[in-house]
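K.L.:
Sharing a structure, written as structure tokens. Questions coming.
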Amino acid sequence: MQDIWRFLCYTFHMSEEAALQFLRASEHEFCESRLILVERVISGFLQGLTENPDLLAILEDCAKSASYPSEYKKAVSRDGVGSYLLLPQGTKQMISLVTGLMYEFDNGTISIVDFVTKFFPSDSSNASYGMFCERIIKPYFDAFTRRLKGEPDTVSETLAEKLQTPYSFPDKAKEDCEHWLKALLDIAAGDNNTPEDKRREYIEMIKGMIYVLEGRNPLLIKLLWTGLKNTLGNFRPGRRELSEIKNILTVYGVL
6 MQDIWRFLCY TFHMSEEAAL QFLRASEHEF CESRLILVER VISGFLQGLT
56 ENPDLLAILE DCAKSASYPS EYKKAVSRDG VGSYLLLPQG TKQMISLVTG
106 LMYEFDNGTI SIVDFVTKFF PSDSSNASYG MFCERIIKPY FDAFTRRLKG
156 EPDTVSETLA EKLQTPYSFP DKAKEDCEHW LKALLDIAAG DNNTPEDKRR
206 EYIEMIKGMI YVLEGRNPLL IKLLWTGLKN TLGNFRPGRR ELSEIKNILT
256 VYGVL
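Residue numbers (this note's numbering): 6 to 260.
Following this line, the structure appears as structure tokens:
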């Protein structure tokens, strides 16, 4: 029994260490990038986030009590001079807000160039991006790291945050997505023209999407969709199924 316990502790430690290394490497990549090149960094980070169960679990926990649309509305303000973005102090709220923003950047619904130059005006786009990294990216990765290490939040949740009920993905949308995901799973599993390792990757990503649908959290569904479309984007036999899933997510306001 002691040997099993030591093995479980070792496995957990290694899993946490891998997640910490991913966070450190991602933060470094963001800070070393440039505004005109950072879209590739964002896509890679979101893909890695969907593939790391420890970080995905943290994001799921954060999104339960802090929805992205609500946090964005509270964070953004405007006056006669300009527009402002103030990060929430709580780590849950910060993680939900910035992850949601990254998805918007990656999906093209918000231009990161316009966003950064609008909220962080400076003499040059690179200077604006430097401010964005200092004020948004670094605190975001610090919040993720503290959550991963189990460190307590420095700010208590307000009663309003505790009572907040995020938008839930409807049953009908979930059922429709599951129908096409299961069809896609059957196609991927039976496709003998795809290399075995690639086929396993497809199957794992599809099953991950099915699993996340159970939680009905729009932010997590968005993230897994990003991973799914990037992974199976060139899988010709599943194009119709992917298109149908995208249509459902769009109709129900997830995309």
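Built from N, CA and C at the ideal position, the CB exists for glycine as well.
For Val81, does the three-state DSSP call read helix, strand or coil?
P.N.:
Note: Val81 maps to strand in three-state DSSP.
K.L.:
Using only the alpha-carbon positions, how far apart do Asp66 and Leu54 sit?
P.N.:
About 14 Å.
K.L.:
Are Ala194 and Gly243 closer than 8 Å when you measure CB to CB?
P.N.:
No, these two residues do not count as a Cβ contact at 8 Å.
K.L.:
DSSP three-state label for Phe116, please.
P.N.:
In the sequence under discussion, the amino acid at residue 116 is Ser, which differs from the Phe named in the question. Three-state DSSP puts Ser116 in coil, outside helix and strand.
K.L.:
Report yes or no: is there a C-beta of chain B within less than 8 Å of the C-beta of Ser70?
P.N.:
Given the protein chain composition of this structure (a single chain), no chain B is represented.
K.L.:
Assess contact between the stretch 68-75 and the stretch 123-140, defined as three or more Cβ pairs (one per stretch) separated by less than 8 Å. Is contact present?
P.N.:
Cβ pair count under 8 Å is below three, so no.
K.L.:
Only counting runs of 4 or more residues, tell me where the alpha helix (DSSP H) segments fall wholly within the stretch 98-158, in order along the chain.
P.N.:
Those alpha helix (DSSP H) runs which fall completely within the stretch 98-158 and span 4+ residues are 117-124, 130-137 and 143-154.
K.L.:
Does the distance from the CB of Phe124 to the CB of Leu92 come in under 8 Å?
P.N.:
No, these two residues do not count as a Cβ contact at 8 Å.
K.L.:
Determine contact between the stretch 24-32 and the stretch 92-106, defined as no fewer than three beta-carbon pairs at a distance below 8 Å.
P.N.:
No contact exists between the stretch 24-32 and the stretch 92-106.
K.L.:
Output the distance between the C-alpha atoms of Arg154 and Asn57, rounded to the nearest integer angstrom.
P.N.:
This sequence places Lys at residue 154; Arg is not what is there. Straight-line Cα distance between these residues: approximately 15 Å.
K.L.:
Can you name, in chain order, every residue of its own chain whose Cβ lies under 7 Å from the Cβ of Lys234, other than the five neighbours on each side?
P.N.:
Contacts found: Leu247.
K.L.:
Going by DSSP, name the residue or residues bridged to Tyr207.
P.N.:
In the DSSP output, where bridge partners are listed per residue, Tyr207 has none listed.
K.L.:
Which residue comes first and which comes last in the alpha helix (DSSP H) that contains Leu51?
P.N.:
That run of the alpha helix (DSSP H) goes Val43 to Glu56.
K.L.:
DSSP has Ser88 in a bridge; who is on the other side?
P.N.:
Answer is Arg83, bridged to Ser88.
K.L.:
State yes or no: is the C-beta of Lys120 within less than 8 Å of the C-beta of Ile63?
P.N.:
Residue identity differs from the one stated: residue 120 is Phe in this sequence, not Lys. Not a contact, by the Cβ cut-off of 8 Å.
K.L.:
For Arg204, which residues in the same chain have their Cβ closer than 8 Å to its Cβ, ignoring the five residues on either side in sequence?
P.N.:
Same-chain partners within the cutoff: Ala193, Ala194 and Asp196.
K.L.:
Got a sec, what are the start and stop residues for the alpha helix (DSSP H) Gln94 sits in?
P.N.:
Taken as a continuous stretch (DSSP letters only), Gln94 belongs to no alpha helix (DSSP H), as it is neither H nor E.
K.L.:
What does a CB cutoff of less than 8 Å around Lys117 pick up in its chain, not counting 5 residues either side in sequence?
P.N.:
The sequence given here has Ile at residue 117, not Lys. For Ile117, where only same-chain residues beyond five positions count, the Cβ hits under 8 Å are Leu40, Val43, Glu44, Ile47 and Phe110.
K.L.:
For Thr96 versus Arg140, is the C-beta spacing smaller than 8 Å?
P.N.:
Taking 8 Å as the Cβ cut-off, Thr96 and Arg140 do not qualify as a contacting pair.
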